[in-house]
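A.B. asks: There's a structure below that I have some questions on.
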Amino acid sequence: MQFIPANIRGPLFMIVSTGSYLVNDTMMKLATAGLPPYEVLLLRGAAATLWGMPLLLMLGYGRQIPLLFERKVLRRNLFELSAILCYVVALANMQIADSTALGQITPLIVLVGSSILFGEKIGAARMALIGLGFVGALMVAQPTMQGISVYALLALGNAALAAARDLAGRKVAAEVPGMIVAISAVVVVLIGSGIAHLVSEEWVMPEGRHLLLIAGAGLFLIFGHFFIFMAYRVGPTSAVAPFYYCFTVWAVISGLLVFGQFPNALAVCGILLVIGSGLAIVSLDERRRRLTVVA
Numbered sequence: 001m002q003f004i005p006a007n008i009r010g011p012l013f014m015i016v017s018t019g020s021y022l023v024n025d026t027m028m029k030l031a032t033a034g035l036p037p038y039e040v041l042l043l044r045g046a047a048a049t050l051w052g053m054p055l056l057l058m059l060g061y062g063r064q065i066p067l068l069f070e071r072k073v074l075r076r077n078l079f080e081l082s083a084i085l086c087y088v089v090a091l092a093n094m095q096i097a098d099s100t101a102l103g104q105i106t107p108l109i110v111l112v113g114s115s116i117l118f119g120e121k122i123g124a125a126r127m128a129l130i131g132l133g134f135v136g137a138l139m140v141a142q143p144t145m146q147g148i149s150v151y152a153l154l155a156l157g158n159a160a161l162a163a164a165r166d167l168a169g170r171k172v173a174a175e176v177p178g179m180i181v182a183i184s185a186v187v188v189v190l191i192g193s194g195i196a197h198l199v200s201e202e203w204v205m206p207e208g209r210h211l212l213l214i215a216g217a218g219l220f221l222i223f224g225h226f227f228i229f230m231a232y233r234v235g236p237t238s239a240v241a242p243f244y245y246c247f248t249v250w251a252v253i254s255g256l257l258v259f260g261q262f263p264n265a266l267a268v269c270g271i272l273l274v275i276g277s278g279l280a281i282v283s284l285d286e287r288r289r290r291l292t293v294v295a
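In structure tokens:
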């Protein structure tokens, strides 16, 4: 990855991560037709594990498999488990625009948390651009917000727990490979969703199309976990977190290509605002880097 300029690695990894997660979510949404949500999570976890374990061995990480349950890795991925258990229930009972919009507070929580916990300086210009990205994300999601319910609180819980996951990921030692962290997240969610399924759902026999969709979702899930972890590892939080808003851009693309939903004028303006604010943040970071080099 050394051929990628250092100042764009973090943002680029976040863009790839959100795209991977969105492909996973699209396949999950198609698979949940006729299957209970926690059962789908369980099957996706099994598929991702079947993809991931051979991948770890191929990458030469066989001797580092015990790190899957290293304390800081496990703490990060327990936040991931809690977030996804909240999210899947909220998604099943809310309009997707509402759950997506509530999820957009994650980067803001991450930025505030990194400022408090790690002393990162954000700056007025970057905060303004982050605010524009947030507005753009809401313009894309266009939530209805028809009353606050327990499901809306679960969606907010998902956003807060996802932010805690990303902040906890900053504490993982540099010698722990990103792919180890990604597969650990898969295994932890597999175990947790299996328990949730046994406690609250009855098994429904999946059809062949369900299994194909879940297998694909499992593969893209691994890349989503890997790249979001690596994004925060290689780039400063203030430069990386705003690109989480690209999730809404990928959602519009998925809606257009998979569900035949064409974005309206407000959504198009929101996409341009998200992209523009992201590019401005990268440009701002590059200018500061050059000034630092000159100084």
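One point on numbering: in the UniProt record's numbering, the residue at position 68 of the sequence shown is 68, and numbering is uninterrupted. All C-beta atoms in this analysis are idealised placements derived from N, C-alpha and C, irrespective of residue type, glycine included.
#1: If contact is defined by three or more beta carbon pairs under 8 angstroms, each pair taking one atom from either stretch, is the segment 223-232 in contact with the segment 181-199?
#2: Using only the heavy atoms of the ligand ATP, determine whether one of them is closer than 8 angstroms to the beta carbon of L108.
#3: Is it buried or exposed, N264, if we count other Cβ atoms within 10 angstroms and call 16 or more buried?
#4: If you run the structure through DSSP and keep just helix, strand and coil, what is Q142?
#5: Would the beta-carbon of Q104 fall within 9 angstroms of that of L266?
#6: Should the segment 15-31 be regarded as contacting the segment 241-254, the criterion being three or more beta carbon pairs within less than 8 angstroms?
#7: When the Cα of A196 is compared with those of T26, L57, L68, C86, which residue comes out closest?
#8: What residue range does the alpha helix (DSSP H) around P107 cover?
#9: Quick test of your reading: P242 and G192, contact by CB under 8 angstroms. State the CB separation rounded to the nearest angstrom.
#10: Do G113 and A164 have their C-beta atoms within less than 9 angstroms of each other?
#11: Here's the rule: buried if 16 or more other CB atoms are within 10 angstroms of the residue's CB, otherwise exposed. What is G216?
#12: Which stretch, first to last residue, makes up the alpha helix (DSSP H) that contains K72?
#13: Candidates E70, Y61, M127: which alpha carbon is nearest A239's?
#14: My assumption, with CB atoms under 8 angstroms, is that residue 367 sits in contact with Y245. Please give the rounded CB distance.
#15: Starting from the C-beta of H210, find all residues in its chain whose C-beta is less than 7 angstroms away, skip the five residues before and the five after it, and write them out in chain order.
#16: Which class does R170 belong to by DSSP, given the choice of helix, strand or coil?
#17: Give the DSSP-derived three-state secondary structure of P36 in the structure shown.
#18: Does I271 come out as helix, strand or coil in the three-state DSSP assignment?
#19: Look at the alpha carbon of L68 and the alpha carbon of C269, and state the distance between them as a whole number of angstroms.
#20: With distances taken Cα to Cα, identify the nearest neighbour of E201 among A152, D166, I4, E39.
#21: Taking C-beta to C-beta, are L91 and K171 nearer than 9 angstroms?
#22: Since A162 contacts A33 with CB under 8 angstroms, what's their CB separation in whole angstroms?
#23: According to DSSP, is G216 part of a helix, a strand, or is it coil?
#24: Buried or exposed for V23, please, with buried defined as at least 16 other CB atoms from any protein chain shown within 10 angstroms of its CB.
#25: So, is W203 buried or exposed, given that buried needs 16 or more other C-beta atoms within 10 angstroms?
#26: So, for S115: in the same chain, excluding its five sequence neighbours on each side, which residues have a beta-carbon less than 8 angstroms away from its beta-carbon?
#27: Provide the residue span of the alpha helix (DSSP H) that contains L190, from first to last.
#28: How close, in whole Å, do the beta carbons of Q261 and I180 come, if the pair is a contact with beta carbons under 8 angstroms?
#29: Helix, strand or coil: which one does DSSP assign to F227?
C.D. replies: A quick look at the data gives this:
#1: Counting C-beta pairs with one atom in each stretch, the segment 181-199 and the segment 223-232 have three or more that are closer than 8 angstroms, which means they touch.
#2: With respect to the ligand ATP, the structure offers nothing, as it holds no ligand at all.
#3: exposed
#4: coil
#5: no
#6: yes
#7: It is C86 whose Cα lies nearest to the Cα of A196.
#8: 106-118
#9: 30 angstroms between Cβ atoms; not a contact.
#10: yes
#11: It is buried - the Cβ of G216 has at least 16 other Cβ atoms within 10 Å.
#12: That run of the alpha helix (DSSP H) goes 71-93.
#13: Here the closest residue by C-alpha is M127.
#14: Lying outside 1 to 295, the shown extent of the chain, residue 367 is not represented and no answer is given.
#15: A31, L35
#16: coil
#17: The three-state reading of DSSP puts P36 in coil, since its state is none of H, G, I, E or B.
#18: helix
#19: 42 angstroms
#20: E39
#21: no
#22: Wrong, their Cβ atoms sit about 25 angstroms apart, outside the cutoff.
#23: helix
#24: Counting Cβ neighbours within 10 Å, V23 comes out buried, since at least 16 surround it.
#25: exposed
#26: Result list for S115: K121, I122, in chain order.
#27: 178-200
#28: Not quite, the Cβ-Cβ distance comes to about 38 angstroms (not below 8 angstroms), so this is no contact.
#29: helix
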